[in-house]
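S.K.:
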Amino acid sequence: MTKEVDEHYMRLALGEARKGIGRTSPNPCVGAVIVKDEQVIGRGFHRRAGMAHAEIEAFRNATAAVVGATMYVTLEPCNHTGRTPPCSRALVAGGISRVVIGSTDPNPQVNGSGIRYLQEQGIEVVSGVLEEKCQELNQPFMKHITTGLPWVIMKAGVSLDGRLNYRHGRGGWITGDKSRRAAHRLRDRVDAILVGRGTVVSDNPSLTTRLIKARGRDPIRVIVDSSLSVPLSAAVYNLHSSAPTWVFCQVGLPPQNIIALERQGIRVWQVEKTPDGLDLGKILKILGGEGVCSLLVEGGSAIHGSFLRRRLVDYAHLFYAPVFAGDGGEALVGGYQVEKANLAPRLSKVVRKVFGEDVLVSGMVVYPAASGEAA
């Protein structure tokens with residue numbers, strides 16, 4: 011097979027993998043395609059944790075005998091027994107003669123062992139085909155499996171002059187309907203969504219997923235409220251949702267305040283408070299330990315500033331509306347200053363999309379070298 015042919019079929023496998031986005035955590039999104047005599051005879055993707063992996067789904071969906079065929083899979087086949095048996099053994103048993111892999115699996119239980127096993131069984135293995143695209147698809151999984159921390163996504167809708175609203179302390183949307191629908195699609199794809207106390211008080215959000223003509227999945231709702239000052243009547247504390255609400259507060263608050271939330275089904279975590287607020291690093295460790303691989307941070311200003319100041323944001327989605335809100339509104343980032351251009355975090359691999367009159371700017375957040383700390 012030529013490089014071009016392998017890339018063609020790997021794109022098909024990537025298309026399969028994308029069908030599982032937002033549903034497989036803490037597992038990765040994986041797609042597989044079986045090709046024989048230049049014809050696709052099987053396709054599959056991993057639907058959710060605990061269900062069959064993409065390779066097995068492709069076998070089940072095969073329309074012809076797979077003996078002697080090539081399997082294209084976006085991530086290295088697993089070589090250990092977890093919730094399901096190892097896929098590497100299934101490929102050998104099925105008679106696959108060639109395996110083309112997009113990316114190796116950084117999971118310490120795999121990490122090249124699947125490739126080695128296939129090669130030891132006489133199967134031809136080609137790896138690294140469209141590797142960057144395959145890795146981009148699973149950034150939350152790859153960060154979580156190697157660090158134990160969630161992939162942090164900063165998301166906001168702002169005016170051209172960088173304001174979250176028109177009046178500080180008041181709720182309201184800056185962006186249009188199409189941007190809001192796109193934001194809900196983002197919620198549908200992440201494990202958890204985080205906001206600060208100020209956002210809950212000013213906007214009274216539900217932090218649920220509301221999609222048109224589709225059934226969305228609510229993320230875990232995470233509230234950062236140091237002193238537990240958000241009223242119990244807040245919408246986020248009174249929802250009929252399949253996803254829980256968690257609150258992070260400082261250590262040492264009166265027990266009755268915590269008990270009142272727990273009686274409403276809210277899970278409360280106590281963490282140490284630092285001069286900059288609650289220890290966000292500790293919060294991320296707790297979330298990662300609870301299986302949260304992706305975290306959408308929706309603000310407000312102080313929360314965004316704290317995450318950037320501590321270099322905790324991995325990716326950003328910023329929806330810009332074509333309006334000037336003036337200086338009465340809340341800034342996108344608060345409590346964070348940069349002295350000069352070479353000390354500023356910036357976006358790389360920038361992607362721009364248009365939603366009605368709004369423009370979405372997305373990209374990886376890149377921080378300056380540690381020797382050049384921002385003020």
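Residue numbers (my numbering): 11 to 385. For each residue, glycine too, the CB sits at the ideal point set by N, CA and C.
Assuming residue 26 and residue 54 make a contact with CB atoms under 8 angstroms, what is their CB distance in whole Å?
M.R.: Indeed they touch by this definition, with Cβ atoms about 6 angstroms apart.
S.K.: Kindly indicate the opening and closing residues of the alpha helix (DSSP H) around residue 31.
M.R.: Residue 31 -> no alpha helix (DSSP H), and no H or E assigned at all.
S.K.: Could you work out which residue in 214, 64 and 324 is closest to residue 165 when comparing CA atoms only?
M.R.: Cα-wise, what sits closest to residue 165 is 324.
S.K.: Mind checking which residues open and close the alpha helix (DSSP H) that includes residue 259?
M.R.: Taken as a continuous stretch (DSSP letters only), residue 259 belongs to no alpha helix (DSSP H), being part of the beta strand (DSSP E) at 255-260.
S.K.: Identify whether residue 242 lies in helix, strand or coil by the three-state DSSP scheme.
M.R.: Looking at residue 242 - three-state DSSP - the assignment turns out to be coil, as it is neither helix nor strand.
S.K.: How should residue 79 be labelled, buried or exposed, when 16 other C-beta atoms within 10 angstroms of its C-beta is the threshold for buried?
M.R.: Looking at its Cβ environment, which holds 16 or more other Cβ atoms inside 10 Å, residue 79 is buried.
S.K.: With 16 other CB atoms within 10 Å as the buried threshold, where does residue 250 fall?
M.R.: When all chains shown are included, residue 250 counts as exposed.
S.K.: Under 8 angstroms: do the stretch 122-141 and the stretch 83-92 share three or more Cβ pairs, one atom per stretch?
M.R.: Yes: the two stretches touch, three or more of their Cβ pairs being nearer than 8 angstroms.
S.K.: Residues in its own chain within less than 8 angstroms of residue 384 by CB, not counting five upstream and five downstream?
M.R.: Residue placement at residue 384 is poorly supported in this model, since its pLDDT is 42, which falls under 50; the coordinates still yield a value, given next. So the list reads 319, 346, 347, 348, 349, 353, 354, 355 and 378, once near-sequence residues are dropped.
S.K.: When you compare each of 369, 340 and 335 to residue 327 by their alpha carbons, which one comes out closest?
M.R.: Minimum Cα distance to residue 327 is reached at 369.
S.K.: Would you check if there are 3 or more beta carbon pairs closer than 8 angstroms linking the stretch 133-150 to the stretch 272-284?
M.R.: In short, these stretches do not touch, since the Cβ pair count stays below three.
S.K.: Within its chain, find whatever has a CB closer than 8 angstroms to the CB of residue 382; leave out the 5 residues flanking it on each side and keep chain order.
M.R.: Any reading at residue 382 is ruled out, since the residue's pLDDT is 43, under 50, leaving its predicted position unreliable.
S.K.: Could I get the ranges of all uninterrupted alpha helix (DSSP H) runs contained in the stretch 264-344, with 4 residues as the minimum, in chain order?
M.R.: Correct list: 265-272, 290-299 and 311-319.
S.K.: So what does residue 125 bridge to, in DSSP terms?
M.R.: In the DSSP output, where bridge partners are listed per residue, residue 125 has none listed.
S.K.: Quick one: what's residue 49 bridged to in DSSP?
M.R.: Per DSSP, 46.
S.K.: CB-CB under 6 angstroms to residue 134, same chain, minus the five flanking residues each way: which ones, in chain order?
M.R.: For residue 134, where only same-chain residues beyond five positions count, the Cβ hits under 6 angstroms are 108.
S.K.: Taking residue 233 as part of the beta strand (DSSP E), name the residues at either end of that continuous run.
M.R.: Here the beta strand (DSSP E) through residue 233 covers 230-234.
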